[in-house]
Amino acid sequence: MNSALNRSLYSPGQTLLIDADDTLWENNVYFERAIASFISYLDHKAHTPAEVREHLNRCEHATIAARGYGLVSFRSSLADCYEQLTETPLTEEGRKQISSFADCIDCHEIELLPRVAETLEYLSARHRLILVTKGDLKEQTGKLERSGLSSHFSAVEVLPEKHNQAYVTVTGRHGCEASKTWMIGNSPRSDINPAMSAGLHTVFIPHEFTWVLEHEVVDQPPAGQRLLQLESFGDLLRHF
Ligand SMILES: [Mg+2]
């Protein structure tokens, strides 16, 4: 069984579904900077920064459930967190100030992770690449444009959530054969576990600053499915 899997692992013609944020380029680190600015601004006298951060995580859970991912949700979570912890409605001035912490997230240069450009160039000549990200359509496609990487992808999927059914739908839409399809990403919760449960092979490339809401224990792959764990995106060159 292993030799058959190894042959398919190295042969051309696989479909590689590739996550974007914190897999191809830095993303969460910009949110962390904005959150640090927010916590300094709030300067809460009773709650420690860690407690404020925990409360913000709860606010983000609630906002995302109601409004999805993206900067609009993030700004709204910051405002909710402020109002709930201070028990005071935000003034217009305060709302503008808090909103400004998120401004830099949307306008910075895209900072590619090491060897991403050359690796995608190589992979796209041998395999079919599909970008599979989640979040706000305009924000995610805007980042792809700014990254200069879009020509490597034969399709782009921006999903509201990356759960098992989303992978079933995407792979069905693109006629992906599960035995030759891999999901590659940094998030156990969004990229690895649901893709495995949808019958795909997976490549887990951890990122030091993965968003806390994406943390989850990586499942064992079901029989016949492969799970690779690599240190960096460039290591894909050795496997595909
Ligand atoms: Mg990611």
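My numbering applies: residue 114 is where the sequence shown begins, and numbers increase by one.
Glycine included, C-beta positions come from ideal geometry on N, C-alpha and C.
None of the values given here were measured: they were computed from a predicted structure.
Say yes only if the C-beta of residue i is nearer than 7 angstroms to one or more non-hydrogen atoms of ligand 1, and no if none qualify.
i, result
"G288", "no"
"S300", "yes"
"D132", "yes"
Cβ of residue i versus every heavy atom of ligand 2: is any distance shorter than 7 angstroms?
i, result
"T136", "Because ligand 2 does not appear in the structure shown, any question about it cannot be addressed here, the ligands present being ligand 1."
Using a 10 Å radius around the Cβ and a threshold of 16 neighbouring Cβ atoms, would you call residue i buried or exposed?
i, result
"S124", "exposed"
"S84", "Past the edges of the chain, shown from 114 to 353, lies residue 84, and the structure says nothing about it."
"L191", "buried"
"H221", "exposed"
"A159", "exposed"
"S116", "The predicted position of S116 is uncertain, since its pLDDT is 42 and thus under 50; a value taken from the coordinates is nonetheless stated next. Exposed, since its Cβ has fewer than 16 Cβ neighbours within 10 Å."
"P301", "buried"
"C289", "buried"
"S260", "buried"
"N141", "buried"
"V330", "exposed"
"A133", "buried"
"H328", "exposed"
"Q253", "buried"
"G255", "exposed"
"T284", "buried"
Using beta-carbon positions only, say whether residue i and residue j come within less than 8 angstroms of one another.
i, j, result
"P257", "L244", "First, the residue type needs correcting, since residue 257 is Leu and not Pro in the sequence shown. It is a contact, given that the beta carbons lie within the stated cut-off."
"Q357", "T294", "The structure shown does not extend to residue 357, since the chain spans only 114 to 353, so no value can be given for it."
"K247", "K209", "no"
"D193", "T176", "yes"
"E173", "F322", "no"
"N277", "T136", "no"
"V281", "A238", "no"
"S212", "R188", "yes"
"T232", "G337", "no"
"H287", "A308", "no"
Can you tell me which residues form a DSSP beta bridge with residue i?
i, result
"T128", "R241 and T294"
"D134", "W138"
### Task
Kindly provide the ranges of any beta strand (DSSP E) runs that are 3 or more residues long and lie completely inside the stretch 264 to 349, ordered along the chain.
268 to 272, 294 to 298, 314 to 317 and 340 to 342
### Task
Identify every run of the alpha helix (DSSP H) within the stretch 193 to 263, keeping only runs that are complete inside it and at least 4 residues long; order them along the chain.
205 to 220, 229 to 239 and 250 to 260
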